Each structure stands twice: as structure tokens, then as C-alpha cells.
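Undergrad:
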Amino acid sequence: MVKGQFSWKDYDAGNTKHEWDLQKIHAAHKVLTEFKYDKNKIEKGFANKTLYINLTTNEIKEKPVTDDMKKKFTGGRGFGLKLLWDSIQPDTRWNSEENDLVITTGPLCGSTQYPGSGKSLCLTVSPSTNIVCDSNVGGYFGPYLKFCGYDALEIQGKAKEDVIIVIDGEASVIRIETAPLEEINTHLVSEQLTYMYSSKDDERSRQRVSVVSAGHGAENSYWGCLNFSFWDIRRKVARLKQAGRGGLGTVLRDKKIKGIVARVDKFTGVENAPENPEAAAKVGTKIQKEIRDLDRYQCNMRQVGTAHLVEIMDAYDLLPCENYRFGSFPKAPKIYSMKFFENFTRVIPDGCWHGCTMACAKTVDSFEVMTGPYKGHRVTVDGPEYETVGCGANMSLWDPKWIIEFNFYCDTYGIDTISSGTAIAYYMEMFEYGILNKERCGGLELAFGNFNAVMQFLHRMADGDTDEFIKVAAKGIRRVKDWLKSKNWGDHQLIEDAGMESKGLEYSEYVTKESLAMQGGYGLTLKGPQHDEAWLIFMDMVNNQIPTFKDKAEALHYFPMWRTWFGLNGLCKLPWNDVEPANNAETNDPSKVPEHLNNYVEYQNAVTGWNINKEELILQSERAYNWQRALNVWMGRGQRRDDWIPYRSMGPVTELEYVSRQERYDKQLAEIMNKPLEEIEKMDVGKKVKLLYDHRRNQYQILSDAVYMRRGWTQNGVPTPVKMKQLGFADEQKMLDFLAKKIQEDEENGLNEWGGVYSESEEKPSKERRYWESW
Amino acid sequence: MLIINSKEVIWKKDETISLLLKRMNFVFPMIVVKINGRLIKKDKYSTQLINDNDEISVIHMISGG
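Sequence lines, in order, name chains A and B. In terms of the working numbering, the first sequence opens at residue 168 and continues consecutively. In terms of the working numbering, the second sequence opens at residue 1092 and continues consecutively.
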């Protein structure tokens, strides 16, 4: 052992120990259904079966994974879309009996040769958006699900009482059991179930168990996340990763699931059965070495995780401060990454799946909880990641410990830090304007920077508080906007413009005012404003690489198609571009990291035995992407009106914001209006805010025109039958017929028209209005 | 006058790439610098001087998200 190292057996995380009578808790279970199965041998990344469970009828069955399914949907998120299409109806809502909660793997998920190969993709009809939401997550559950013999798990129906689902790959049996005595909050129930279902009382056995759960917050809000556990044998604690976006945990608890347990008898480095393990290992070794050697000089993810972005975003005026009003803040250095590094346990390398050298999952061990039901307990907190720290800035919480506390309770209550943090920041701004006040907030002084009010809000929400504000606020910004307007408590335009949601989902943590392309990266998306489709701020705002609408549209085609690919395969995106080869700068297109792109082609071929090239790799994504868009349209959304974004993400809503960056905006207005700067400087600020408002809203419409055309959609954002046939869906007649009918209806309603207002010098994307007919 | 990422910036005598990056507050570590289309390696940033009228690309890799 190297000097300074110590055996994992000797490490004590210093957390509060729990004394549970697990035998008594287990004895209270009643087995509702048991399903014995023959475990498929995994071949080339696929188990070739999916698992279907209906909690209303207690039916458990298997569905085959066909070659046609692989060809059209590849795997992972694509499989989830296919299963949902087969199960739901256009009017299915999050709490409908038939809504599916799907957890998928992907052909590369569970590999250990390449970093970031442990991701699951989870899908359901979201309470926030009423359309399908996908969310990715690390942890061991996805790989274990596949090692148990299934490429995906599909749960339909609702249990009558609290249950757990046990997928026992060791005994090849699946059970639905009542679970009356288990805890619900995640940091407790995941530990209870891990101890209860590990085959032996030792760390290695506990490591072979993974639990999916959500807490009381998920029950009482639309922000429920899924917590995926991975047992840390050094800390002896169930660590957590989250499928955060879109309220999947809310659906889990609506189905009365306390936990889903997967247990495997063993796992090896080649459990995913790659066709060519040597080739997979060769390409993996190359990137592993690259991360080991270069990360410290690049993003330093191995030391501080994604929190390295905090100081970068602050420097470029992109860190959301006080509900995205500002992009930097004098107090921001108090929450820079090194402030969290001081709290992280630094002696233990971290990763949320085996073989990931990036190891960006950081923890704070023995954190003493300051508020709420666990006050005084010492716990391990996973994170905080950049987005959670960004929420701190947004709520004006400038103490790392406050952010860690917020992180802990969001996790254990099973709520998304992003949605809750962004929403609370909005409520705080409304509080500042007097649109909300203490009386209207159920007694909470929800002012910027009030940590105690934030925590009280979370605790009361998780506790099921019936105060009107708490109940509406827990459903997110969209519902609060409608509520505030119905009460006539403030200026309706201000209420709409300041709340950072689109499609009903809250924004993640980047300021986009100066990047039109990134406004599209948030708005022209499938599930809502999450940055996982495209992150174009540097490319657009700083590098000035995509100055025209056509350039931006190309980026808003390529990057979403490329980034979707990770979710089809069960991969993490971070090793693609959060580290780069030493010679990346010398390549023709360094933004795409060409060497890594080639790695992924080789990696997928090595595991699956396919023979794809990089163009076909994009095609895999394009199929799934268009299918999901078509699914959105089928559910009554996914059109131009649904892609609209709040003005706060386009420009300064208030005079305060304008004045805070006056030099910038005055200069822009001078260019737009072709007037001398001195003349603009003398203008009334309110008038300048309005001029910019009209200009930028139109810019967004023109961008939408260009993007829809580049993606092969109509001006209303609808994928065409021609496009779908080109992608390989020629035999999906039900979908093709629906799209043809919808486009005809749009034509009759005048919706197949350009959305932007074009000046004489500006060209529309096409001279043909019905360009999509002959695409 | 310099052109940096297609925008005009005042030229300063005896300014190296390192100093220019500092002036512009370009703190992101994963960047590519080209002067008049010629790639400049990182180890030259502290010595490579910038001339008046140079056209400079400071390409920030995407990262993030």
C-alpha cells in the first residue's frame, strides 16, 4: 500500500448509525406476486427481453426485444419511447392508471471498459409537462437490471398499498411485496433495503444490491426524482444518483412504490458480453489514460466534479443569480468549487459505475444536518454538482453548507434540486416585488438569501402541508404563474416573463440572455428546458462561431442529435467533451472532439458487433429524437406554441436588469436601430427595455423557423411522414397517418406559416412555404 | 485594433496571449487560440506577442451541461 493510503476496511464515514429491526420490518411483508424466470444470457450488450409489471393487476411478464426494435430505436431511451407508445394514449397523464414508468439500460450500459458506461434512462408522462420526459441517471441499478436479464423495466398500474418490487437475479425470481414498515425518505429506505436484500452480511454482498426510491417530497410535489443507489464499500453507505428532471419520482410514489430492488449474484468486467472485448478494452484504455493524465489541467472533474463550472460561469456572466436576473454576483466566490472541495472527502476516488476514471461523483461525509427531521444527524451527502450550486446562486444562498443542506434534503425527500431551486428563486423574486408576501406564502419570509425559509418550505412540502401556497408552489412555476394571475396579485406580463419554465418544466442553471442559440437549446427541445440536448453558449456568445440563423440551426440540429445518442446507449456524456485529447486543438472541428466521436463508433461496434460509422451513429439518434417529437405532437403538444420560452431567458425583463448591463444593451440597440450610441444612451430605460423585448422575441421566432426547417419539420414544428419514412418508420402506419392528419389540420388553421417577422433584407429559410412536402 | 472572435478589441503594446486572455477574462481552461489562422500551442501563451491588426480566435470548447 502506498504511503498515505489506507485500507477501505479502516475508513469510517462518521455518519449517524441506525438501529432498525430489519427482521421485523421484513416479516411484515406480504408477497403479492412471484414470477420465476429463465435468465437470458446477455449477448453483445443486450439481454433481449424487457420486463413488464402491472401493479394494479399484479401481472408480471416478459416482452421480447426484436431486431426491428433495435433497428428503429437502438436501445435505452429509444426502447423507452417504444414501450410508452405501445402502452399509453394521447390523453394519458402522469397519474393515469396506464402511465408507464420505464427504466432502460442501452447496449453499452454495464460495460466497464469505457468510462461513463453505467447510465440508465428513465421515462414517463411527466406531471410538469403532460408529455414524455426522459431523465438519465448513474448508480448501479441499470447495469444490475440488465445483469438480471432485462434491457428495460416497464411499470404500469398502481398498487393499493405501499409495495416494493424485488428483481432477484440471483434466484431468477421477481416479487411484488407489500412494504408497510419501511421508511420512505431515500437515505433511510435505500439503506434498509440494501441490508435486507443482500445475500450475506458483508460489504461485497451489499454492493451487489441497488435500490430505486423517492421520498416524501416526491409524494407532495411535481418535482419527484428517482434516486438510484450504489453501495459504497469504503464509506459503508448507500450513495445516490438522481434521475432528476420531470417528476419521475412523483410517478413512482403515485404508484405506491417504496423501492425497486435489483440484486445480482456476481458481476465481472465483461458481464455485458461485448462481441469484441479486446477492441472495447483498447479504445477504453486510451480514454482512461487521457482522463488520468489531462483532467487535472482541464476541468479537474476528478477533484471537484461538475462544480468546477461555478467560477467559469460566474466569470462569463452565465451563473444564474437571483432568479437569472444577473449572470454574476459579488458574493459568488464564496461558492466556487474549491469551497466545496474543502468539504469533500478527498482520500477516496469516486465513481458511480465501475471503470469510470472520470470519477466525478463527490461526497461530503459526516455532514451535520442543521434543520428539519434529521437535525443533528450526520450523513453522507452526494454532491453538490454544478446545477445544485447554481440553484444556490439563484436563491442567493452564498454559504456552501446551506447548499449542502439543500442538496441533502432534496435527495432524501426525492425532489429535483434543479426544478425546486429554480422555482423557489422565482417565488423569491415575486416576494421581492410584493406579488407574494409573508401572508400569501403561508407565513414564510421567502426573500432572496433566506436559507431558513427555503428549508422550511421544503420540510413543509415534504410533510404534506395543506397551505394553499405550499401546495401550488410544489407543483412548479407554471402552476404558480396561473395561480398568481388568477388572484390578480401582480402584473401579468411580469409574472409570465420572470418565471423560468418552458413546457411546464423549470430551467436548469445557465443564463442565456446573450446566446440566441442557447435560448433555442432550451426551448426547441423535446422534454423542456434541460441543457442535455445542446449547450451552445460558448460556441455562440463567446466564440461567435455560429453568427447566422442557418449556422445556429445547424448546431441545433447536430448537437441534439449527437447528444441523444448517449441516452440510447446507457452512457454518460461527460467523457465526451469534459476532457479532450492533447491534440484536439489541431483537428478540423475541435468542438465535436473528433477523436472521441471515433472512439464511440469503435466502442459501439466492439460491444454490439454492428458495423456503423459516425453518420449512422447520428442517424440512430435522429430516429429516436423524431419519434419522441412525434409522440409529443400525438399527445397534443410538441408544436411551436409549446417551444416558446419566457422573456427572462431572452433578455432583461426589468429596468434593473437593463441598467446592470447598460453598456452592453445600449451598444446592441445602437446596432439594431442603426443609431448613434449617444442617442441611445439618452433614451428612457423603459423604452429601451421594450425595444429590446420586441426585437429579441422576433429573433427567437426566426430561429425557430430555421431550426424546424433544418430538422425536417413543418413551420409548426411537426415531423412529417416524409421525414419519418426516410428515418425508417415506413411501416409505422398509425403514426404516419396521425402526422399527415395533423399537418393537414395545421394547414387549415393557418399554422404552417413562418413565425418570424422578416425585414426586406432578411431571407426566410426557404422560398417554398410547403418546403416539407418534398423534403 | 485587434479582432477577437470577430469583434474589435483595442490592441495593447507588448501584450502576450496570456495577458490578453486575462484582460478578456477568458478563464476557461479548455481553449484553442489561433492568430491569423495559425494555431498557438499552450506553452507559447506567455511569450507569444500580439501585433496590431492581428485576427485572433479564442475558441472555447463546449464542455458544460
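The C-beta atom is built at its ideal place from N, Cα and C for all residues, glycine as well. Model, not experiment: these values are computed from the prediction.
#1: Tell me which same chain residues have a C-beta within less than 8 angstroms of the C-beta of Gly853 (chain A), skipping the five on either side of it?
#2: What does DSSP give as the partner residue(s) for Lys203 (chain A) in the beta ladder?
#3: Identify each residue in the region 1118-1130 of chain B for which the Cβ-Cβ distance to at least one residue of chain A is less than 7 angstroms, and report them in chain order.
#4: Between which two residues does the beta strand (DSSP E) harbouring Ile227 (chain A) extend?
#5: Is it true that the CB of Tyr580 (chain A) sits closer than 7 angstroms to the CB of Gly382 (chain A)?
#6: Confirm, please, whether the CB-CB distance from Ala319 (chain A) to Phe240 (chain A) is below 7 angstroms.
#7: Given a limit of 9 angstroms on CB to CB distance, which residues of the region 1135-1153 of chain B reach chain A?
#8: Check each candidate in A:Asn297, A:Tyr593, A:Met685 and A:Thr417 and name the one with the smallest Cα separation from Asp809 (chain A).
#9: To the nearest angstrom, report how far apart Pro500 (chain A) and Asn619 (chain A) are at their CA atoms.
#10: Among the candidates A:Ser287, A:Asp301 and A:Val889, whose CA atom is the shortest distance from the CA of Ser293 (chain A)?
#11: For Ser1109 (chain B) and chain A, any beta-carbon pair shorter than 7 angstroms?
#12: Using a Cβ-Cβ cut-off of 7 angstroms, state whether Asn711 (chain A) counts as contacting chain B.
#13: Looking only at its own chain, which residues have a Cβ that is under 6 angstroms from the Cβ of Arg373 (chain A), when we skip the five neighbours before and after it?
#14: Suppose the cutoff is 6 angstroms on Cβ atoms and the five residues either side in sequence are ignored; what does the same chain contact list for Phe598 (chain A) look like?
#15: Show which residues of chain A have a CB atom less than 8 angstroms away from the CB atom of Lys1098 (chain B).
#16: Just the C-alpha distance for Gly1128 (chain B) and Asn750 (chain A), rounded to the nearest angstrom, thanks.
#17: For Ala665 (chain A), collect the residues of the same chain with a Cβ closer than 6 angstroms to its Cβ; drop the 5 residues on either side in sequence, then sort them by chain order.
#18: Could you spell out the range, first to last residue, of the alpha helix (DSSP H) harbouring Phe246 (chain A)?
#19: Using the Cα positions of Gln623 (chain A) and Ile637 (chain A), report the straight-line distance between them to the nearest angstrom.
#20: Please list, in chain order, the chain B residues whose beta carbon lies closer than 7 angstroms to that of Glu753 (chain A).
#21: Does the beta carbon of Ala482 (chain A) come closer than 7 angstroms to any beta carbon on chain B?
#22: Is it right to say Tyr464 (chain A) is buried, meaning 16 or more other beta carbons lie within 10 angstroms of its own, or is it exposed?
#23: Listing by chain order, which chain D residues have their CB less than 7 angstroms from the CB of Ser758 (chain A)?
#24: How do the region 880-891 of chain A and the region 859-867 of chain A stand: do at least 3 beta-carbon pairs fall below 8 angstroms, yes or no?
#25: The region 815-839 of chain A: which residues have C-beta closer than 7 angstroms to a C-beta of chain B, in chain order?
#26: Can you list the residues of chain B that Glu370 (chain A) reaches, using a CB-CB cut of under 8 angstroms?
#27: Within the same chain, show all residues whose beta-carbon is closer than 6 angstroms to that of Ser563 (chain A), passing over the 5 residues directly before and after it, in chain order.
#28: Are the Cβ atoms of Pro748 (chain A) and Met525 (chain A) separated by less than 7 angstroms?
#29: Residues in the region 726-756 of chain A with C-beta within 7 angstroms of chain B's C-beta atoms, listed in sequence order?
#30: Which stretch, first to last residue, makes up the beta strand (DSSP E) that contains His1151 (chain B)?
#31: When you compare each of A:Asn710, A:Met667 and A:Ile220 to Asn1096 (chain B) by their alpha carbons, which one comes out closest?
#32: Using a threshold of 7 angstroms, state whether the C-beta atoms of Ser295 (chain A) and Gly643 (chain A) are closer than that.
#33: According to a CB-to-CB cut-off of less than 9 angstroms, which residues of the region 615-631 of chain A neighbour chain B?
#34: If the criterion is Cβ atoms closer than 7 angstroms, does the pair Val404 (chain A) and Phe314 (chain A) meet it?
#35: In terms of alpha-carbon separation, which member of A:Val768, A:Ser933 and A:Thr538 lies closest to Lys717 (chain A)?
#36: For Leu918 (chain A), tell me which candidate among A:Phe905, A:Met817 and A:Gln806 has the shortest Cα-Cα distance.
TA: Well, looking at it:
#1: Glu822
#2: A:Val340
#3: Val1118, Phe1119, Pro1120, Met1121, Val1123 and Leu1130
#4: Glu226 to Pro231
#5: Yes, Cβ-Cβ distance for Gly382 (chain A) and Tyr580 (chain A) is below 7 angstroms.
#6: no
#7: Flagged, chain order: Ser1148, Val1149, Ile1150, His1151, Met1152 and Ile1153.
#8: A:Asn297
#9: 22 angstroms
#10: A:Asp301
#11: no
#12: yes
#13: Thr361, Ser365 and Trp398
#14: Leu613 and Ala614
#15: Asn711
#16: 16 angstroms
#17: Glu596, Arg815 and Val820
#18: Arg244 to Ser254
#19: 10 angstroms
#20: Leu1130
#21: yes
#22: Counting Cβ neighbours within 10 Å, Tyr464 (chain A) comes out exposed, since fewer than 16 surround it.
#23: In the displayed structure, chain D is absent; the protein chains listed are A and B.
#24: no
#25: Within the region 815-839 of chain A, no residue has its Cβ closer than 7 angstroms to any Cβ of chain B.
#26: Within 8 angstroms Cβ-Cβ: nothing; Glu370 (chain A) doesn't reach chain B, min ~35 angstroms.
#27: Glu489, Phe615 and Gly616
#28: no
#29: So the list reads Asn744, Asp745, Glu747, Ala752 and Glu753, given in the order they occur along the chain.
#30: Element bounds for His1151 (chain B): Glu1146 to His1151.
#31: A:Asn710
#32: Yes, Cβ-Cβ distance for Ser295 (chain A) and Gly643 (chain A) is below 7 angstroms.
#33: For the region 615-631 of chain A, no residue has a beta-carbon sitting nearer than 9 angstroms to a beta-carbon of chain B.
#34: no
#35: Checking every option, the nearest Cα to that of Lys717 (chain A) belongs to A:Ser933.
#36: A:Gln806
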